[in-house]
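Protein chains in written order, with this note's numbering: chain A, 4 to 403; chain B, 12 to 406. All C-beta atoms in this analysis are idealised placements derived from N, C-alpha and C, irrespective of residue type, glycine included. So the structure is just underneath, and the comments pick up after that.
Structure (structure tokens):
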């Protein structure tokens, strides 16, 4: 087990597909809600802790992504949320560098709690990709010039969910992975990042699915895209869509898997740790029924795995064994996934109350709070200099 | 050679040089024009599944080299654009506008304004131009809205109605009930979005004015219903039951519940709800069929607009328009807009409605709401709806 752990840590450090983006997609560079840029701040403060904040021209709950000194974020506006926005902001002061808008070509209906701008964008370091609940998929260069635009509901008219779609994007090996999974025309596509054409398209389980793909790094610089659904997790070659392995024991359709090196921590029967470093099917390391994700996805930090329940109970488990270490009641409810770094975790509840948890305490402890007084349903993003919290129609940068 | 001498030596040739230069410039402009036209043509050919992307990407590069003087031509090309090409074009317009505005070059307000006011242009393109102009002049441009209450663009109309409703509310707050009533009524007459209709209707009700919502929306209320047919394991959705091959209103079918005949169902709901639970009972694992006929005086390209949280299929004159095998994810008015070419005279509409196995409180509904409208959401008129006495109608 420890050998696996060391290999995991090494893989994380040498992750060859990582872009030069600090936070290239939903839940960060390693799909686990953390980064390697040091601790979160010891205290949250409205007076000195907020670097800047800015209003967004629409609604949304997608997470921002961070590439060098720029922040990219999406939102939607208009009577039926039919105007789709992609914004590029300065990470330094929040000023708008560019904004592009698009007209939704697919259905924009969704539950009032969510938004057409629910899926988080992604970058491969050269381009920015944005997906919306209407299944409109945009590729822009870093200066905001269009590379291509796809209307996946134009292509596949029955691919939609009347509650709203939310799977975020991921990239690997020149392929953009878009999970468009729903009750009817359910599929996942690997799309050529340069041309926007399908590299492959897989029929997927016909069931609503809101979780997001993860990219697994293998020795030799190879990768797999892990596609999670209610049926389990299917790992495919990002360039061909060919199945490498198929874990068929069911998984969550809301919380997404978290990665640490060569282990994927799947929301399945509580939480199930699967080592994918070998050939063939992944090896189950442990299964913990007591570690049960809610809407939020698992977060990994400092040898711990952390799960935020919708109501606000934070559960900490031992990453190596799945043993539950402690539980802490925070102030919920939560829709977004927390982020963590070092010994601290930041969780922002739906009312915009940011809570900082000291993970080094024996039972965990909320050590600081900051009320943003705004609906927050999204997952924060981290960069070396700051923490980005996206509210329904506002973006904050907190100093790190 | 002294400068004066040089000038003198050139002078006799100046007209020739001028002509040459003019010709070269004209040639260059013609080339640029041609390349812009070609670029727009390439973008307009963008199709589904990445079709035409390579050519369109080259076209975008040509567009990005343009200045603001090219905007009118690019915008006019939007009149011929499909929804995909429209987005390629508007993105290029935004790149150009942003770059030029960063150089302090002002948007060509006059030509953009002329485009906006010309309602023969694509509603989507005009809505985009309205957005563009509103960003450039957020105070002045909305002053155009009072004259746009009946705009073909739903976005522009929505903004205009919002302004009218605000004005009506201000009149009401000032105690001028008569003016407020007129303004709310004017807003209601033009509103097409449900939230605005609801607001106006509510205010008018408070002012003592009754509204006929059924007529306003144009719901199809008169139906014949038959069922239940088996939908266990949701398999009935794809199974072809007899009404799909021939609607025989006098027929009796053997179904999972025994024998079934077509029965009348006339909706009375303000929001057009046709509740199949009423004639058939609160069933699960079941399929029902609903049938009606509409008469129009002339052939018309319309939209059948449907709201439904159950699985459904819709046929017009025997042709399947669309279907959704989705249960209990939510419904709203005009959730689905199905292009529908109505022929002169009698048109038949058949709805297949699936109920699944779920037992939760929020899965009891087995219903839909339907109306026939133009592209702006105005009910098609004159439209006679109803089902004749039992007949054999071949679809």
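Provide the residue span of the alpha helix (DSSP H) that contains residue i, from first to last.
| i | result |
| --- | --- |
| residue 193 (chain B) | 188–201 |
| residue 174 (chain B) | 165–184 |
| residue 205 (chain B) | 205–217 |
| residue 247 (chain B) | Run containing residue 247 (chain B): none; DSSP gives neither H nor E here. |
| residue 70 (chain B) | 64–75 |
| residue 3 (chain A) | Because chain A is modelled from 4 through 403, residue 3 (chain A) falls outside the range shown and cannot be assessed. |
| residue 270 (chain B) | It is not in any alpha helix (DSSP H) - residue 270 (chain B) instead sits in the beta strand (DSSP E) that spans 269–272. |
| residue 253 (chain B) | 253–256 |
| residue 290 (chain B) | 288–291 |
| residue 137 (chain B) | 134–147 |
Taking 8 Å as the threshold (beta carbon to beta carbon), is residue i in contact with chain B?
| i | result |
| --- | --- |
| residue 105 (chain A) | yes |
| residue 241 (chain A) | no |
| residue 207 (chain A) | no |
| residue 81 (chain A) | yes |
| residue 132 (chain A) | no |
| residue 96 (chain A) | no |
| residue 92 (chain A) | no |
| residue 266 (chain A) | no |
Please state the DSSP three-state secondary structure of residue i.
| i | result |
| --- | --- |
| residue 227 (chain A) | strand |
| residue 301 (chain A) | coil |
| residue 329 (chain A) | strand |
| residue 27 (chain A) | coil |
| residue 304 (chain B) | strand |
| residue 1 (chain A) | A question about residue 1 (chain A) goes unanswered here, because the residues of chain A that appear run from 4 up to 403. |
| residue 34 (chain A) | coil |
| residue 391 (chain B) | coil |
| residue 358 (chain B) | strand |
| residue 311 (chain A) | strand |
| residue 112 (chain A) | coil |
| residue 397 (chain A) | strand |
| residue 93 (chain A) | strand |
| residue 85 (chain A) | coil |
Confirm, please, whether the CB-CB distance from residue j to residue i is below 8 Å.
| i | j | result |
| --- | --- | --- |
| residue 399 (chain A) | residue 56 (chain A) | yes |
| residue 201 (chain B) | residue 160 (chain B) | yes |
| residue 401 (chain A) | residue 51 (chain A) | no |
| residue 172 (chain A) | residue 132 (chain A) | yes |
| residue 191 (chain A) | residue 205 (chain A) | yes |
| residue 120 (chain A) | residue 79 (chain A) | yes |
| residue 339 (chain A) | residue 369 (chain A) | no |
| residue 327 (chain B) | residue 360 (chain B) | yes |
| residue 412 (chain A) | residue 384 (chain A) | This structure does not reach residue 412 (chain A), given that chain A is present from 4 up to 403, and the question cannot be answered. |
| residue 357 (chain A) | residue 300 (chain A) | no |
| residue 140 (chain A) | residue 130 (chain A) | no |
| residue 235 (chain A) | residue 254 (chain A) | yes |
| residue 272 (chain B) | residue 237 (chain B) | yes |
| residue 345 (chain A) | residue 289 (chain A) | no |
Please report the residue range of the beta strand (DSSP E) in which residue i lies.
| i | result |
| --- | --- |
| residue 204 (chain A) | 201–206 |
| residue 159 (chain B) | Unbroken run through residue 159 (chain B): none, as it is neither H nor E. |
| residue 191 (chain A) | 190–195 |
| residue 135 (chain A) | Premise fails: residue 135 (chain A) is in no beta strand (DSSP E) and is neither H nor E. |
| residue 312 (chain B) | 311–319 |
| residue 101 (chain B) | Segment 94–113 is the alpha helix (DSSP H) holding residue 101 (chain B); no beta strand (DSSP E) there. |
| residue 333 (chain B) | 330–335 |
| residue 356 (chain A) | 356–361 |
Using a C-beta cutoff of 8 Å, does residue i count as contacting chain A?
| i | result |
| --- | --- |
| residue 127 (chain B) | no |
| residue 98 (chain B) | yes |
| residue 132 (chain B) | no |
| residue 180 (chain B) | no |
| residue 157 (chain B) | no |
| residue 116 (chain B) | no |
| residue 15 (chain B) | At residue 15 (chain B), the pLDDT of 46 sits below 50, so the modelled position is not reliable; the number obtained from the coordinates is stated separately. No, residue 15 (chain B) does not count as interfacial toward chain A. |
| residue 387 (chain B) | no |
| residue 336 (chain B) | yes |
| residue 177 (chain B) | no |
| residue 405 (chain B) | Unreliable positioning characterises residue 405 (chain B) in this predicted model, as indicated by a pLDDT of 34, which lies under 50. The coordinate reading is nonetheless provided below. Closer than 8 Å: no. |
Any heavy atom of the ligand ADP within a distance shorter than 7 Å of the CB on residue i?
| i | result |
| --- | --- |
| residue 187 (chain A) | The ligand ADP is absent from the structure shown, which contains no ligand whatsoever. |
Which residue wins for smallest C-alpha separation from residue i, given the options the options?
| i | options | result |
| --- | --- | --- |
| residue 468 (chain B) | B:131, B:152, B:132 | Absent from the structure is residue 468 (chain B), since the part of chain B shown begins at 12 and ends at 406. |
| residue 230 (chain B) | B:57, B:54, B:397 | B:397 |
| residue 182 (chain A) | A:256, A:309, A:164, A:215 | A:215 |
| residue 241 (chain A) | A:249, A:230, A:54 | A:230 |
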